[in-house]
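Heads up: the protein sequence lines correspond to chains A and B, in order. First residue of the first sequence? That's 1 in this note's numbering, and the numbers climb one at a time after it. First residue of the second sequence? That's 115 in this note's numbering, and the numbers climb one at a time after it.
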Amino acid sequence: AQTVTQSQPEMSVQEAETVTLSCTYDTSESDYYLFWYKQPPSRQMILVIRQEAYKQQNATENRFSVNFQKAAKSFSLKISDSQLGDAAMYFCAYRSARLGDMRFGAGTRLTVKP
Amino acid sequence: EAGVAQSPRYKIIEKRQSVAFWCNPISGHATLYWYQQILGQGPKLLIQFQNNGVVDDSQLPKDRFSAERLKGVDSTLKIQPAKLEDSAVYLCASSWAGGGTEAFFGQGTRLTVV
């Protein structure tokens, strides 16, 4: 089964600064999708950004961008101009294109300091 | 569009009792997931349905957990009998059948087993 690893249990960033959250995954599949989800204390999981494995171009959504390195099986999230509202748990997720199952990493707790 | 609905939001039971959780996915979503999220950890996939068929239940403790999705719409997850280690948030998510689409999550049910 595919595994997703987030090696940073906690990260901290100053407001308006940039922070990068790391994620690696293990798979033998060639067709898959990667996601970053945000989970605030309310528990509602919210999609931040998505990346298709067949696309070489890194996805960008406003202040959020990814660095997708397919050969290295690495998928990091960069948050620019961090805001207090960005404070949350961030989960990296892998979804198989064939079966559609979605697996999550252990998460990174992001703190934003004013 | 209406989101994924889950009930109840909270449940406290004694060990060895039984409990059931209900999920109503977004209309038209063929794929439905149940996750277990223990405090401080990432969501763990328990079972994945495609319409009313099971795609993956490899991590479902089948001696005590059961799930069904009648008519390919609503789903229930049952635990019988509950153990202390079942204390967690149970998340339901749904998505379109395609692997590239995001999963939409409900707010979860927090289960406490005492």
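Each residue gets a CB set at the ideal place from its N, CA and C atoms; glycine is no exception.
Would you mind working out which of B:226, B:190, B:209 sits nearest residue 144 of chain B, comparing C-alpha positions?
-> B:209
Positions along the stretch 138 to 160 of chain B whose CB lies within less than 7 Å of some CB in chain A | 145, 147, 155, 156, 157, 159
Mind checking if residue 42 of chain A is an interface residue toward chain E, Cβ cutoff 9 Å exclusive?
-> The chain labelled as chain E is not found among the protein chains of the depicted structure, namely A and B.
Three or more C-beta pairs closer than 8 Å, one from the stretch 182 to 198 of chain B and one from the stretch 95 to 105 of chain A: is that the case here?
-> no
Distance, residue 218 of chain B Cα to residue 186 of chain B Cα = 17 Å
Does the distance from the C-beta atom of residue 156 of chain B to that of residue 105 of chain A stay below 9 Å?
-> yes
Please classify residue 85 of chain A: does DSSP put it in a helix, a strand, or coil?
-> helix
How big is the Cα-Cα spacing for residue 109 of chain A and residue 99 of chain A?
-> 29 Å
Starting from the C-beta of residue 183 of chain B, find all residues in its chain whose C-beta is less than 7 Å away, skip the five residues before and the five after it, and write them out in chain order.
-> Excluding sequence positions up to five before and after residue 183 of chain B, its CB lies within less than 7 Å of the CB of 146, 163, 166, 189, all in the same chain and listed in chain order.
Inter-residue Cα distance where the pair is residue 154 of chain B and residue 171 of chain B = Cα-Cα distance, rounded: 23 Å.
Work out the CA separation of residue 89 of chain A and residue 39 of chain A for me, nearest whole Å.
-> 5 Å
Residue 130 of chain B, buried or exposed, once every other Cβ within 10 Å from all chains shown has been counted against 16 = exposed
Mapping DSSP to helix, strand and coil, what is residue 200 of chain B?
-> helix
Reduced DSSP category for residue 125 of chain B - H, G, I as helix; E, B as strand; rest coil = Residue state, collapsed to three classes: strand.
Given 8 Å, three or more beta-carbon pairs between the stretch 16 to 36 of chain A and the stretch 73 to 80 of chain A = By the Cβ rule, the stretch 16 to 36 of chain A counts as touching the stretch 73 to 80 of chain A, because three or more pairs are nearer than 8 Å.
Going along chain B in order, which residues have a C-beta closer than 8 Å to the C-beta of residue 143 of chain A?
-> Given a span of 1 to 114 for chain A in the structure shown, any question on residue 143 of chain A remains unanswerable.
From A:111, A:101, A:83, A:15, pick the residue whose C-alpha is nearest to that of residue 33 of chain A; which is it?
-> A:101
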